[in-house]
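So the structure is just underneath, and the comments pick up after that.
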Amino acid sequence: WNIAPYSLGINVDCWWRRAKKIKLGEASALIPSPEDMILNLCVSLYHDNFERAALRGLCDIFHTIRYYSEETDWNLFEEIVRKSSIARPVNSLLHLVLKYFYDGKQPDFMHIPLRADVKFTAMVEQTFFNPYRYSHPFFTRILSAGTRRERMEIFFSGLFPSRAKMADTYSTRPGSFNLYIYYAYRPIELALKYGKSCLRLLRLRWAG
Numbered sequence: 001w002n003i004a005p006y007s008l009g010i011n012v013d014c015w016w017r018r019a020k021k022i023k024l025g026e027a028s029a030l031i032p033s034p035e036d037m038i039l040n041l042c043v044s045l046y047h048d049n050f051e052r053a054a055l056r057g058l059c060d061i062f063h064t065i066r067y068y069s070e071e072t073d074w075n076l077f078e079e080i081v082r083k084s085s086i087a088r089p090v091n092s093l094l095h096l097v098l099k100y101f102y103d104g105k106q107p108d109f110m111h112i113p114l115r116a117d118v119k120f121t122a123m124v125e126q127t128f129f130n131p132y133r134y135s136h137p138f139f140t141r142i143l144s145a146g147t148r149r150e151r152m153e154i155f156f157s158g159l160f161p162s163r164a165k166m167a168d169t170y171s172t173r174p175g176s177f178n179l180y181i182y183y184a185y186r187p188i189e190l191a192l193k194y195g196k197s198c199l200r201l202l203r204l205r206w207a208g
């Protein structure tokens with residue numbers, strides 16, 4: 001259905017249409033197109049795995065790019081990323097791959113301009129290698145949004161999620177009166193747990 005538990009502006013139906021059939025022994029299977037595979041690795045690393053596997057995630061992106069260097073349609077990749085809401089982190093991750101695996105130089109087969117936000121890329125790099133000091137996925141998602149409206153939507157949906165999600169988080173029933181108490185308590189809880197980390201992250205974002 002999707003590749004993340006929240007909207008990233010990615011049309012997964014197109015992934016199915018671009019998927020390729022391969023043989024695994026006697027069985028057939030579908031794998032994503034190279035463009036979608038690279039994008040999926042970027043999404044997975046930035047939103048879910050950087051606290052545990054930042055370097056491995058960058059290696060995965062690098063090896064996938066290298067393995068499919070002759071097959072990847074970079075113009076299509078650029079179009080997919082541009083239409084999504086995660087262009088900023090994807091471009092930053094590709095810049096880090098170029099920095100650590102290509103000596104900062106873009107290989108000839110990548111026929112696209114990489115428009116990376118320099119300060120944002122520096123923030124991503126710092127949070128990747130100092131994850132317990134700086135980061136929390138909720139705040140990194142806000143900073144990665146391209147517009148103020150997207151940032152506000154992410155902020156309020158994270159601060160006040162649906163009743164079902166709140167009930168699951170606080171182990172209660174969706175119809176319970178206690179849920180209203182948890183909604184009132186949640187901003188305080190997040191501020192106490194992640195306030196310092198968020199401030200460090202903001203300083204990194206604007207200092208570059």
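If you're matching positions, the sequence shown starts at 1 in the numbering used here and goes up one per residue. In this text, a Cβ means the ideal position worked out from N, Cα and C, and glycines have one as well.
So who's on the other strand from residue i, going by DSSP bridges?
i, result
"A122", "DSSP output for A122 lists no bridge partner at all."
"A54", "Paired residues: none, contrary to the question."
"K105", "DSSP lists no partner for K105."
"I80", "I80 pairs with nothing; no bridge assigned."
"S171", "S171 is not bridged to any residue."
"I22", "A29"
In whole angstroms, give me the CA-to-CA distance for residue i and residue j.
i, j, result
"P161", "D168", "11 Å"
"G239", "N2", "With the chain represented from 1 up to 208, any question about residue 239 goes unanswered, as that position is not in the structure."
"L199", "A27", "51 Å"
"E71", "E153", "37 Å"
"K20", "P32", "6 Å"
"W15", "V90", "17 Å"
"R173", "R163", "9 Å"
"H273", "L41", "As shown, the chain starts at 1 and ends at 208. That puts residue 273 outside it, with no answer to give."
"F177", "G25", "55 Å"
"I181", "S171", "13 Å"
Are the beta-carbon atoms belonging to residue i and residue j less than 8 Å from one another?
i, j, result
"Q106", "L96", "no"
"A29", "I38", "no"
"E125", "I80", "no"
"A145", "S85", "yes"
"W74", "M123", "no"
"F101", "F62", "yes"
Kindly indicate if chain C contains any beta-carbon less than 8 Å away from that of residue i.
i, result
"P89", "Among the protein chains of the structure shown there is no chain C, as only one such chain exists."
Rounded to whole angstroms, how far is the Cβ of residue i from the Cβ of residue j, which I believe are closer than 8 Å?
i, j, result
"F120", "R148", "Actually they are not in contact, since the Cβ atoms of F120 and R148 sit about 15 Å apart, beyond 8 Å."
"S92", "D117", "7 Å"
"M166", "Y183", "7 Å"
"I112", "E150", "That belief does not hold up - the Cβ atoms of I112 and E150 are roughly 23 Å apart, past 8 Å."
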